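Engineer: Respectively, the protein sequence lines represent chains D and R.
Here my numbering runs 67 ahead of the position in the first sequence, where the first position is 1.
Here my numbering runs 489 ahead of the position in the second sequence, where the first position is 1.
Beta carbons are placed, not taken as given, at the ideal position from N, Cα and C, and that holds for glycine.
Every value quoted in this text rests on a predicted model; they were computed, and no experiment measured them.
Mind looking over this structure? Questions follow.
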Amino acid sequence: RKEVEQDPGPFNVPEGATVAFNCTYSNSASQSFFWYRQDCRKEPKLLMSVYSSGNEDGRFTAQLNRASQYISLLIRDSKLSDSATYLCVVTTSNTGNQFYFGTGTSLTVIP
Amino acid sequence: DTGVSQNPRHKITKRGQNVTFRCDPISEHNRLYWYRQTLGQGPEFLTYFQNEAQLEKSRLLSDRFSAERPKGSFSTLEIQRTEQGDSAMYLCASSLGAHFYEQYFGPGTRLTVT
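So, in structure tokens, the structure goes:
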């Protein structure tokens, strides 16, 4: 079983729409959680960390449900520039020795 | 450019040959990671260095793969006796101390094994 599982999509949404991605992880001992963004043919970049209390950064909201072992990312008021692949990332320690990436969820925002 | 750099950017090799890739992390970053990414997949962890010490190695990594970071600065990843299944993008990332989660990735080395 994979450490991290995501629906690969693709998600095609109109500008201004709200879209949500979920991700599940298999190791209940996982400690830290993140969302990375990867544009086509580019390297991944950190989008945001995910905290148990949930966190928000502008139009982006990330939440963690430890009991159900899933992580979510909500994007409000989608922009064309949000088109990318969103990668769910989990580490099994607080020291970041090993990162597990999901397969990524592809988002295309349509004009 | 003060970001992570990787060389070469592309490598085409014949099956059975050895290849070596280089990664130069951001200068003050003590942590360095190697990943492999294939089409439609997320990066797959290969190995991790803190300074010059290799602290983690994926159990999926065969003995044909070896990595070094001799002076805690640049790192090399060598693949011996390449196989067609080794064809992938090899990504290097670095991060700093308490901000380990913010990994800065290089542009990658695309390996094609024919």
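State yes or no: is the beta carbon of Tyr167 of chain D nearer than 8 Å to at least one beta carbon in chain R?
Structural biologist: Stepping through the first sequence from its first residue, residue 167 of chain D is reached at position 100. It does: the Cβ of Tyr167 of chain D has a partner Cβ on chain R nearer than 8 Å.
Engineer: Taking Cβ positions only, does Phe101 of chain D come closer than 8 Å to chain R?
Structural biologist: Reading the first sequence from its first residue, position 34 is the one you call residue 101 of chain D. Yes - at least one Cβ of chain R is within 8 Å of the one on Phe101 of chain D.
Engineer: Along chain R, which residues have their Cβ under 7 Å away from the Cβ of Pro111 of chain D?
Structural biologist: Position 44 of the first sequence, counted from the start, is the residue given in the question as residue 111 of chain D. Under the 7 Å cutoff, chain R gives Pro532, Phe594.
Engineer: Output the distance between the C-alpha atoms of Tyr137 of chain D and Lys503 of chain R, rounded to the nearest integer angstrom.
Structural biologist: Translated into the one-based positions of the first sequence, residue 137 of chain D becomes position 70. Translated into the one-based positions of the second sequence, residue 503 of chain R becomes position 14. Cα-Cα distance, rounded: 42 Å.
Engineer: Thinking just about the alpha-carbon of each residue, which of D:Gly125, D:Arg133, D:Ala134 is nearest to the one in Leu141 of chain D?
Structural biologist: As a position in the first sequence, residue 141 of chain D is number 74, starting the count at 1. Looking at the Cα atoms, D:Gly125 is the closest of the given residues.
Engineer: With 16 as the cutoff for other CB atoms within 10 Å, does Cys107 of chain D come out buried or exposed?
Structural biologist: The residue labelled residue 107 of chain D in the question sits at position 40 within the first sequence. Exposed: under 16 other Cβ atoms inside 10 Å.
Engineer: Starting from Gln495 of chain R and walking both ways along the beta strand (DSSP E), at which residues does that stretch end?
Structural biologist: For the purposes of this step, residue 495 of chain R is taken as residue 6 along the second sequence, with counting starting at 1. First-last of the beta strand (DSSP E) with Gln495 of chain R: 494-496.
Engineer: Just to make sure I have the definition right: I need the residues of chain R whose C-beta is within less than 7 Å of the C-beta of Ala164 of chain D. Which are they?
Structural biologist: On the first sequence, position 97 is the one that residue 164 of chain D refers to. Note on residue identity: the sequence assigns Asn, not Ala, to residue 164 of chain D. Neighbours of Asn164 of chain D on chain R, chain order: Tyr537, Leu544, Glu545.
Engineer: Note down, one range per segment and in chain order, each beta strand (DSSP E) of at least 3 residues found wholly within the segment 104-177 of chain D.
Structural biologist: You should have 111-117, 122-124, 127-132, 137-142, 151-158, 166-168, 172-177.
Engineer: Is it true that the CB of Asn164 of chain D sits closer than 8 Å to the CB of Glu533 of chain R?
Structural biologist: For the purposes of this step, residue 533 of chain R is taken as the residue at position 44 of the second sequence. For the purposes of this step, residue 164 of chain D is taken as the residue at position 97 of the first sequence. No, the Cβ-Cβ distance between Glu533 of chain R and Asn164 of chain D is not below 8 Å.
Engineer: Please state if the CB of Ser173 of chain D and the CB of Gly83 of chain D are separated by a distance shorter than 8 Å.
Structural biologist: Within the first sequence, the letter at position 16 stands for residue 83 of chain D. Within the first sequence, the letter at position 106 stands for residue 173 of chain D. Not closer than 8 Å, so no.
Engineer: Just grab the DSSP bridge partners of Ile501 of chain R for me.
Structural biologist: Mapped onto the second sequence, residue 501 of chain R falls at position 12. The partner list for Ile501 of chain R (beta bridge, DSSP) reads R:Thr601.
Engineer: The segment 515-532 of chain R: which residues have C-beta closer than 8 Å to a C-beta of chain D, in chain order?
Structural biologist: Taking 8 Å as the Cβ-Cβ cut-off against chain D, the residues of the segment 515-532 of chain R that qualify are Arg520, Tyr522, Tyr524, Gly529, Gln530, Gly531, Pro532.
Engineer: Compare the Cα-Cα distances from Tyr524 of chain R to each of R:Val602, R:Tyr593, R:His588, R:Ala582 and report the closest residue.
Structural biologist: In the second sequence, counting from the first residue as 1, residue 524 of chain R sits at position 35. Nearest C-alpha to Tyr524 of chain R: R:Ala582.
Engineer: Give a yes or no on whether the C-beta atoms belonging to Gln495 of chain R and Arg520 of chain R are separated by under 8 Å.
Structural biologist: Taking the first residue of the second sequence as position 1, residue 495 of chain R is located at position 6. Taking the first residue of the second sequence as position 1, residue 520 of chain R is located at position 31. Their beta carbons are not under 8 Å apart, which means Gln495 of chain R does not touch Arg520 of chain R by this criterion.
Engineer: Does any residue of chain R have a CB that is nearer than 8 Å to the CB of Ser116 of chain D?
Structural biologist: Here residue 116 of chain D is taken as the residue at index 49 of the first sequence, counted from 1. Chain R, which has a Cβ nearer than 8 Å to the Cβ of Ser116 of chain D, makes this yes.
Engineer: Let me see if you follow: with CB-CB separation under 8 Å, is Leu549 of chain R close to chain D or not?
Structural biologist: What you label residue 549 of chain R is simply residue 60 of the second sequence in a count that begins at 1. Judged by the 8 Å Cβ criterion, Leu549 of chain R is not in contact with chain D.
Engineer: Are the C-beta of Glu557 of chain R and some C-beta of chain D separated by less than 8 Å?
Structural biologist: Translated into positions along the second sequence, residue 557 of chain R becomes position 68. Judged by the 8 Å Cβ criterion, Glu557 of chain R is not in contact with chain D.
Engineer: Please report how far the alpha carbon of Leu535 of chain R lies from the alpha carbon of Ser547 of chain R, in whole angstroms.
Structural biologist: Counted from its first residue, the second sequence places residue 535 of chain R at position 46. Counted from its first residue, the second sequence places residue 547 of chain R at position 58. Distance between the alpha carbons of Leu535 of chain R and Ser547 of chain R: 5 Å.
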